[in-house]
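Below: one structure, written as structure tokens.
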Amino acid sequence: MELSVNIDHIATLREARKELFPDPVYAAVEAELGGADGITVHLRGDRRHIKERDLELLRKVIKTELNLEMAATKEMAQIALKVKPDRITLVPESPGEVTTQGGLDLLNLKENLKPYIANLQENGIKVGLFLDPDPEQIKEAVRSGVQYIEINTNEFSKNPKSRDELIKIARVAKAARREGLTVHAGHGIDYKNIKGLLTLSEITSFSIGFAIIARAVFVGLRQAVNEMIGIIKGAR
Ligand code: PXP
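Counting in the numbering used here, the sequence shown runs from 23 upward without gaps.
In structure tokens, the structure reads:
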């Protein structure tokens, strides 16, 4: 059971003043010292937080797994092939959104993602898709050839006491495992609502950003990560 720490919001803070600090590269090292199994960044088309400079330095500096979240565009593929992160999570992206709104809708995509995914994989990068907990999406994910999915936990996170959302996630996680896909989860997860998700043995990795960075303001990033690691690793 692993934790990839999303450090985008360290860059959000930097960009609020167009400064050179706080540096997400420094944050990544602190997250690793706190026990993170990996570092996640989302390079957005508008570069509102993470920049190419961050990605390039992170590739050189971090010792754990680098996960790049990105939209499936030509521009991003070029950057990814240059930087070669360990894995890429493809996400939908629309201009102006505060954060990622929902998973990719594979049933209604205009473009065929299969060759795009294959090209990244041929270059040694693992590829996954960020999807809502919908069994129909899983069938399409299998056809696309990805190695993993990340289940969007946003709805669950808003209402963690609802059994329905957890059951939906559990069903999709099981279906994905049956098809041989690795299952990750992310979006809106915090120190409390993660407990329900920890009961699902199919999930092998969590991607968590906002809650950890927000806690880090008070206790420091290394400790904020370490507390989440304690919850995750202590659960199994
Ligand atoms: N997974 C994906 C695909 C995301 O887009 C985000 C948000 O950047 C996260 C996980 C992390 O979400 P949060 O910041 O709410 O923990």
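Ideal Cβ positions, reconstructed from N, Cα and C, are used throughout, including at glycine.
Nearest-angstrom Cα separation, counted from residue j out to residue i
i	j	result
residue 147	residue 34	27 Å
residue 245	residue 133	43 Å
residue 104	residue 235	28 Å
residue 112	residue 241	32 Å
residue 85	residue 53	11 Å
residue 66	residue 72	7 Å
residue 128	residue 62	23 Å
Beta-carbon contacts of residue i that lie in its chain and below 6 Å, excluding the five residues immediately before and after
i	result
residue 230	211
residue 209	174, 175, 176
residue 79	47
Cutoff 8 Å; reference residue i; Cβ partners in own chain excluding five residues on either side
i	result
residue 82	none
residue 160	153, 171, 194, 197, 198, 201, 203
residue 70	34, 37
Beta-carbon proximity list for residue i, same chain, < 7 Å, skipping 5 on both sides
i	result
residue 195	173, 205, 222, 224, 225
Which listed residue (the options) has its alpha carbon closest to that of residue i
i	options	result
residue 143	106, 37, 236, 65	106
residue 138	121, 70, 232, 100	100
residue 151	88, 102, 125	125
residue 182	118, 213, 158, 135	213
residue 256	239, 237, 232, 217	217
residue 251	145, 122, 57	57
Contact test: residue i Cβ vs the ligand PXP heavy atom, cutoff 7 Å
i	result
residue 229	yes
residue 111	yes
residue 233	yes
residue 89	no
residue 209	yes
residue 121	yes
residue 30	yes
Bridge-paired residues (DSSP) for residue i
i	result
residue 111	91, 150
residue 31	In DSSP, residue 31 forms no bridge with anything.
residue 24	227
residue 57	DSSP, once it has assigned bridges, lists no residue as partnering residue 57.
residue 173	153, 207
residue 64	91
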